[in-house]
Structures are given as C-alpha cells and as structure tokens.
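Colleague: In our numbering, the protein residues as written are 1 to 79.
(1) Could you have a look at residue 16 and say whether DSSP puts it in helix, strand or coil?
(2) Comparing alpha-carbon positions, which option in 47, 15, 37, 35 lies nearest residue 57?
(3) Assuming the contact rule is C-beta atoms closer than 8 Å, residue 24 and residue 35 should be a hit. Round their C-beta distance to whole Å, please.
(4) Do you know offhand how far residue 70's Cα is from residue 1's?
(5) With a cut-off of 8 Å on the beta carbons, I'd call residue 29 and residue 62 a contact; round off their distance for me.
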C-alpha cells in the first residue's frame, strides 16, 4: 500500500529535511506545536516495516510517500 501526501507550500531546505523526523523539531517557533507528528508517524511506519520518502523543493512544495509491504496472505478481522 502506498500513501502519498503532497502540498504546494513553500517547500523545505536540506537542513529542515535532515531533521524532519526528529522528536520535538518544529519550524513553527513558540506557537504551541510540539513537533511530534512526523516523529510518531516515522515510528509507526518503521514498526510495520514500511518506508517513508520525502521530496521537497523550496518554493514548490513537498511530497511524502509512505509504503507498507504487501502481506503474504489475506487478513480478516472478526466482526
């Protein structure tokens, strides 16, 4: 399964990209944001053997792709 999220925002420089998944890293300053969102996402994706790729270009936006591996067999959940 692939989940792709893209925006047309301001994009990120290489320094920001290198810290993107660091706990408590934020570019929002003191506006009450904790900077945990992408760190938590990274942990969940890794737990389930997935990968995250990020492409970003200043002035053009960012694309984040999450890839989870296919299961070997169908999984059903009880009702």
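Cβ coordinates follow ideal geometry from the N, Cα and C atoms, glycine included. Owing to the predicted nature of the structure, the values given are computational and were not obtained by experimental measurement.
Modeller: Put simply:
(1) As a working note, residue 16 is residue 16 in the chain shown. Note: residue 16 maps to helix in three-state DSSP.
(2) For the purposes of this step, residue 57 is taken as residue 57 along the chain shown, with counting starting at 1. Closest by alpha carbon: 15.
(3) For the purposes of this step, residue 24 is identified with residue 24 of the chain shown, where counting begins at 1. For the purposes of this step, residue 35 is identified with residue 35 of the chain shown, where counting begins at 1. Indeed, because the Cβ distance is near 5 Å, the residues count as touching under 8 Å.
(4) Counting from one through the chain shown, the residue named residue 70 turns up at place 70. Counting from one through the chain shown, the residue named residue 1 turns up at place 1. About 7 Å.
(5) Stepping through the chain shown from its first residue, residue 29 is reached at position 29. Stepping through the chain shown from its first residue, residue 62 is reached at position 62. With a Cβ gap of about 19 Å, residue 29 and residue 62 do not count as contacting.
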